[in-house]
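Using the numbering used here, the letters of the sequence shown map in sequence onto residues 3 to 461.
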Amino acid sequence: MAGYLLKNCAAVITDDGAGPVVRRNVDLLTDGPAIRAIGSNLAGKDLPEETITQDASGWFVYPGLVNTHHHFFQCFVRNRAELDWTKLSVIEWLDRIYPIFSRLTEDCFYHSSTTAMAELIKHGCTTAFDHQYNFPRHAGRRIVDQQFEAADLLGMRFHAGRGGNTLPKSEGSTIPDAMLETTDEFIGDCERLIDSYHDADRFSMRQVVVSPCQPVNSYRETFVESVRLARDRGVFLHTHVGEGESAVMEARTGRRTVDYLEEMGFSGPDTFYAHCWELTHDELRKMAASGTGVSHCPEPVYLVGAEVTDIPAMTAFGLRVGLGCDGAASNDNSNLMHCLHSAYMLQCLVSSTRQYPVPPPVDFLGFGTTGGASLLGRSDIGRLSPGMAADLFAIDTRRMDYVGTRHDPLSLIARVGIGSTTDMTMINGRIVWQNGEFPGLDEERLCAEAEAALATIAF
Ligand SMILES: [Zn+2]
């Protein structure tokens, strides 16, 4: 694979491990999947013959964003007035949305994945974790396999969270019985996916995360077996926590969710929870002590009208925080760049009610990059430095949008926001989006195929 010389970048956000630093008027050179050098006048040095030079004047070059929570399949239920959270109780909403989810076909899972990943890439996301917990029996057993194929097509670095639900409605679940699996089926398919796809090597493009959907909708045994499997195979663990279920869990098990999970070992540096918006400071301290991470999804907080996640306390206690879009059932976009901006704005909104100060905008860039990489256990992504993966995006700042903002590239995304797609997104040393196109792919055709798949489940 040819390397790229991004020549004369207006700014590159570098990080050698001690925190982000802005370097002005430098070149960035890639070599295969990795960054080879960042510095002045690299063109004057010995470059491999096949290196492609790209004029990067005016470009701010950032590390690629890392999405740590999503449900790609939900892209097929976007922008629906009949699913308005402000007009429905949770039960009414579940009763409307699950019949739709249960109709999705294998094709729908593939095309909803291309839909979500295309939008993610256009907005600077280079690694995506998806929490796929919907396995209608008629859709077959190769849903996650389809997602790996979709990621391959677009060139996205993909961590597949194999979700699942095992508890019947008669025992307190909110999931229709027709969508349940047994613990053995769930664990068996996790094992199959790990055997078939999980690659733990540096610059890996495919990993598997054992991700039972949420404690309220599965038997305890499902979580115990998930811990056993993940630790045995050296893969990560993920689930939803603190999104309104803690009191239900306490009534059912005698423990709120954080204690319930910690008691069975579903916590630690290899574990990250989505949301955590209703957790107490004591619970957050426990998570910090065990090294458990949080995927903060700000936009569902707006749409669902949830309690605002206490990011200042999380960072004060030393929790690892990453960002996620979440699925379209509670966030209609797959734009992590937008989420990074809204995450900062959301904390500012409630800052006067907080015990701890809102972290500065640059820390939110950190949540979206190094924070996400840490949650996924990746030491090779999230930062721009020689030897790290060439996962990055560029914004041409020679536009009216950026007048008066260019003095502080570190705060730009969180504080100002980026209203357009990137000018270029590179993943693993390959340009996957540039000048409004996915090189080698026909976006109009991808779009038509996705709409055709969606039309088959007309609702
Ligand atoms: Zn979710």
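Beta carbons: idealized from backbone N, C-alpha and C, even for Gly.
Segment contact flag, the region 94-108 with the region 168-187, C-beta cutoff 8 Å, min 3 pairs: yes
Segment limits, beta strand (DSSP E) that includes His125: First-last for His125: undefined, no H or E at that position.
When Ala318, Leu321, Thr317, Asp334 are compared against Val303, the one with the closest alpha-carbon: Asp334
Rounded separation between Gln216 and Ile420 - CA only: 33 Å
Expected contact under 8 Å - CB spacing of Ser292 and Glu247 to nearest Å: That pair is no contact at about 20 Å.
Burial state of Met289 (16 or more Cβ within 10 Å): buried
Beta-carbon proximity list for Ala416, same chain, < 7 Å, skipping 5 on both sides: Leu342, His343, Tyr346, Pro363, Phe366, Leu367
Opposing strand residues paired with Arg25 [DSSP bridges]: Val14
Closer than 7 Å: Gly329 CB and nearest ligand 1 heavy atom: yes
Own chain partners of Gly190 with C-beta closer than 8 Å, once the 5 adjacent residues on each side are dropped: none
Which residues DSSP lists as bridging Met428, in chain order: Leu394, Ile433
Buried versus exposed, by CB contacts within 10 Å (16 or more), Gly320: exposed
Cβ pair Leu338, Phe78 closer than 8 Å: no
Classification of Ala89 by the beta-carbon crowding that lies within 10 angstroms, buried from 16 upward: Here residue 89 turns out to be Lys, not Ala, going by the sequence shown. Lys89 comes out exposed.
Glu151 burial status per 10 Å Cβ neighbour count (16 or more: buried): exposed
Beta-carbon contacts of Thr224 that lie in its chain and below 7 Å, excluding the five residues immediately before and after: Thr168, Thr185, Phe188, Pro214
Among Phe369, Glu285, Gln134, Glu445, nearest to His124 - alpha-carbon criterion: It should be noted that the sequence gives Lys, not His, for residue 124. The candidate whose alpha carbon is nearest that of Lys124 is Glu445.
Check whether Val210 and Leu231 have beta carbons under 8 Å apart: no
Whole-number beta carbon distance between Leu348 and Ser297, since they are thought to touch under 8 Å: Between Leu348 and Ser297 the Cβ distance is about 15 Å, and since that is not below 8 Å, they are no contact.
Contact check, Leu239 vs Val229, beta carbons under 8 Å: yes
Helix, strand or coil at Phe150 [DSSP, three-state]: helix
Simplified DSSP assignment, three categories, for Lys288: helix
Option nearest Ile145 by Cα separation, candidates Ser175, Cys110, Ser172: Cys110
Contact set for Leu156: own chain, Cβ-Cβ below 8 Å, skip 5 residues either direction: Thr116, Met119, Ala120, Ile123, Val434, Phe440, Leu443
Any non-hydrogen atom of ligand 1 closer than 7 Å to His240 Cβ: no
Span separating the alpha-carbon of Leu96 from that of Thr176: 8 Å
Residues bridged to His298 (per DSSP): Leu325
For Gly329 and Met251, the rounded distance between their alpha carbons: 23 Å
Tyr404, DSSP secondary structure in three states: helix
Beta-carbon contacts of Glu84 that lie in its chain and below 8 Å, excluding the five residues immediately before and after: Arg98
Ala276: CB within 7 Å of a non-hydrogen atom of ligand 1: yes
Backbone CA spacing between Val352 and His283 [nearest angstrom]: 17 Å
Entirely enclosed beta strand (DSSP E) segments - the region 163-225, minimum 3 residues: 208-212
Spatial neighbours of Pro300 in its chain, beta-carbon cut-off 7 Å, leaving aside the 5 residues before and after: Cys341, Ser344, Ala345, Leu348
Pair within 8 Å by beta-carbon distance, Phe62 and Thr427: no
Pair within 8 Å by beta-carbon distance, Thr311 and Tyr275: no
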